[in-house]
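Accompanying notes for the structure given below.
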Amino acid sequence: MYQCLVRDEDISMQATFQLVLGASKPQLTYKFIQQTVQPGPAMSLKCIAIGNPTPQITWAVDAFPLAMNERFLIGQYVTLNGDVVSHVNISNVRVEDGGIYQCKASNKVGETFHSAEMRVYGAPYIRKIPNISAVAGEPLYLPCPIAGYPIDVITWEKVPPKLGPFTFGELVEGVRTQVQCVVQSGDPPLTLTWLKDGVEFSSDLGVHITKDDFSSTLAIGKVGLEHSGDYTCVATNPAKSTKLSSRLTVSGIVWQLCKWIMHCSLLHMHTFDFPTLNIFLNGFEHLQLLMFLFLYCILNIVLKL
Numbered sequence: 001m002y003q004c005l006v007r008d009e010d011i012s013m014q015a016t017f018q019l020v021l022g023a024s025k026p027q028l029t030y031k032f033i034q035q036t037v038q039p040g041p042a043m044s045l046k047c048i049a050i051g052n053p054t055p056q057i058t059w060a061v062d063a064f065p066l067a068m069n070e071r072f073l074i075g076q077y078v079t080l081n082g083d084v085v086s087h088v089n090i091s092n093v094r095v096e097d098g099g100i101y102q103c104k105a106s107n108k109v110g111e112t113f114h115s116a117e118m119r120v121y122g123a124p125y126i127r128k129i130p131n132i133s134a135v136a137g138e139p140l141y142l143p144c145p146i147a148g149y150p151i152d153v154i155t156w157e158k159v160p161p162k163l164g165p166f167t168f169g170e171l172v173e174g175v176r177t178q179v180q181c182v183v184q185s186g187d188p189p190l191t192l193t194w195l196k197d198g199v200e201f202s203s204d205l206g207v208h209i210t211k212d213d214f215s216s217t218l219a220i221g222k223v224g225l226e227h228s229g230d231y232t233c234v235a236t237n238p239a240k241s242t243k244l245s246s247r248l249t250v251s252g253i254v255w256q257l258c259k260w261i262m263h264c265s266l267l268h269m270h271t272f273d274f275p276t277l278n279i280f281l282n283g284f285e286h287l288q289l290l291m292f293l294f295l296y297c298i299l300n301i302v303l304k305l
């Protein structure tokens, strides 16, 4: 209520009017303070706000909404003067209750908030972080929801890549082969590269590589002896580089044929009369024995046609 008075020697006049405020942004008239406490006792945090329309006060810890449970009780009431009083009562304070607490008063005109840390003596503790949605190109505040006191250092890490196994096995000249290196887990962005015997491929090796967001495929259209070696898939993200290797062994046609002949000979050796065979082979050198096994294998194949 405002009153205006005016007068001179002969007369005086006055006028009275009432100023009614319209909508106003909330203001915090009482704020809780930073505290360092021992586990066990009860704790209370309080904020008082004014504003028009009457503001609503909400609470958060480490930027995530504070939920009530059997130990956390959130209360709020409005006084006769229109002050909004809100409090958080914590019974039997634990180490994991530590963090940065925030009260926020908001109405349709605007909002205001206050934050302060509650430290609880004890070993370091990290609360589970829920999934967070962000807008590309906009600032992002991502708190580390830690508790415990004192804490020496806090570090942030992204999840390094984890690769699934791949294998070539033993191959013969002339065949085709391909393997796929898959990143089973790890944060993007990811970069996938291949090495042979620890170095990058030469351009004339005839290796074709295709990639997508989470895998890389290495293909060889015609395997040759020059392709033998250790192949390494390297996955890199901002956290770490992870490597996984597999050996490709390529055998020549002659060696494969020799192995096939020996295998075939052993399979069919039981059809011979062994005493006769021993007498027949007596005195043969190793090369002559190999030639005999070769001819015997071919003969068995022809007879089966």
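The numbering used here numbers the first residue of the sequence shown as 1 and each following residue consecutively.
Even glycine gets a Cβ: it sits at the ideal position worked out from N, Cα and C.
Boundaries of the beta strand (DSSP E) in which residue i is found, first to last residue
i      : result
LYS46  : 43-52
ASN69  : Taken as a continuous stretch (DSSP letters only), ASN69 belongs to no beta strand (DSSP E), as it is neither H nor E.
LEU140 : Neither: LEU140 is in no beta strand (DSSP E) and is coded neither H nor E.
TYR30  : 24-30
ARG127 : Here ARG127 belongs to no beta strand (DSSP E), and DSSP marks it neither H nor E.
SER115 : 111-120
GLN56  : 56-61
MET13  : 12-17
ILE90  : 84-90
VAL93  : First-last for VAL93: undefined, no H or E at that position.
THR242 : 241-251
GLY229 : 229-236
VAL37  : 35-37
VAL6   : 2-7
Reference residue i; option with closest CA among the options
i      : options                        : result
LYS162 : ALA239, MET118, VAL179         : ALA239
THR16  : MET1, ALA23, VAL172            : MET1
PRO41  : THR167, THR210, LEU248, ARG94  : ARG94
THR342 : ASP97, VAL84, GLY164, LEU171   : Because the chain in this structure spans residues 1 to 305, residue 342 falls outside the shown range and cannot be described.
PHE113 : GLY137, GLU173, ASN69, ALA63   : ALA63
TYR231 : SER241, PRO130, LEU248         : LEU248
SER251 : GLU170, ALA235, PHE214, ASN237 : GLU170
VAL37  : MET118, GLY51, VAL182          : MET118
TYR101 : GLN178, GLN34, CYS4, THR210    : GLN34
THR331 : SER44, ALA60, GLY22            : Not covered by the structure: residue 331. The range shown for the chain is 1 to 305.
GLY99  : GLU111, SER115, ALA105         : SER115
PHE72  : SER91, VAL61, ASN52, ILE154    : SER91
LYS104 : LYS46, GLY229, ALA136, PRO143  : LYS46
THR193 : VAL234, GLN184, PRO160, VAL172 : VAL234
ASP213 : THR191, GLY224, SER241, GLY221 : THR191
TRP59  : ASN89, GLY51, ASP83            : ASN89
ASN69  : ASP97, LEU225, GLU9, GLY229    : ASP97
GLY229 : LYS243, THR242, LEU195, SER241 : LEU195
GLY174 : PHE166, PRO130, HIS227         : HIS227
VAL56  : ILE154, GLN27, CYS144          : The sequence shown places Gln at residue 56, rather than the Val named in the question. Of the listed residues, the one whose Cα sits closest to GLN56 is GLN27.
ASN131 : PRO143, VAL182, VAL153         : PRO143
ILE129 : PRO145, VAL120, ALA136         : PRO145
THR242 : CYS181, VAL223, LEU225         : CYS181
PRO39  : PHE166, VAL223, ILE154, VAL120 : VAL120
PHE166 : GLU9, LEU244, GLY224           : LEU244
Close beta carbons around residue i, own chain, < 6 Å, minus the five adjacent residues each side
i      : result
GLY75  : HIS87
PHE280 : With a pLDDT of only 44 at PHE280, under 50, the local geometry of the prediction cannot be trusted, and the value read off the model is given with reservation. Closer than 6 Å at the Cβ level, and outside the excluded window around PHE280, lies no residue.
CYS4   : ALA15
VAL61  : GLY99, TYR101
MET43  : ILE90, VAL93
ARG66  : Correcting the residue type first, residue 66 is Leu in the shown sequence and not Arg. Correct list, in chain order: TRP59, ALA60.
ALA134 : LEU140
GLN184 : LYS162, GLY164
Beta-carbon proximity list for residue i, same chain, < 8 Å, skipping 5 on both sides
i      : result
ASN278 : Residue placement at ASN278 is flagged as unreliable, the pLDDT there being 46, under the threshold of 50; a coordinate-derived value is accordingly withheld.
THR308 : No answer is possible for residue 308: it lies beyond the span of the chain, which begins at 1 and ends at 305.
PHE168 : THR177, VAL179, TYR231, SER246, ARG247, LEU248, THR249
THR79  : VAL85
ARG7   : MET13
PRO275 : Below a pLDDT of 50, predicted positions are generally treated as unreliable, and PRO275, at 45, falls in that range; no measurement from the model is reported.
HIS208 : LEU218, ALA219, ILE220, GLY221
ILE154 : CYS144, ILE146
Nonlocal neighbours in the same chain, by C-beta distance under 7 Å from residue i, ignoring five residues either side
i      : result
LYS158 : ASP187, ASN237, PRO238, ALA239
SER309 : This structure cannot settle anything about residue 309, because the visible part of the chain is limited to 1 through 305.
GLY82  : ILE50, THR54
TYR30  : LYS46, CYS47, ILE48
SER307 : Outside the displayed span of the chain (1 to 305) sits residue 307, for which this structure offers no information.
PRO189 : ASN237
Contact test: residue i Cβ vs the ligand NAD heavy atom, cutoff 8 Å
i     : result
LYS31 : In the structure on display, the ligand NAD does not appear, and there are no ligands present to speak of.
Proximity test, Cβ basis, 9 Å: residue i and chain C
i      : result
GLU117 : Looking at the structure shown, chain C is missing, and only one protein chain is on hand.
Item checked: Contained beta strand (DSSP E) runs [length at least 3] in the segment 166-216, N- to C-terminal order -> 169-172, 177-185, 191-196, 207-211
Checklist line | Contact between the segment 118-127 and the segment 201-209 (3+ Cβ pairs under 8 Å) | finding: no
Margin query: Under 8 Å, with one C-beta from each stretch per pair, do the segment 139-151 and the segment 188-199 reach the 3-pair mark?
Written below: no
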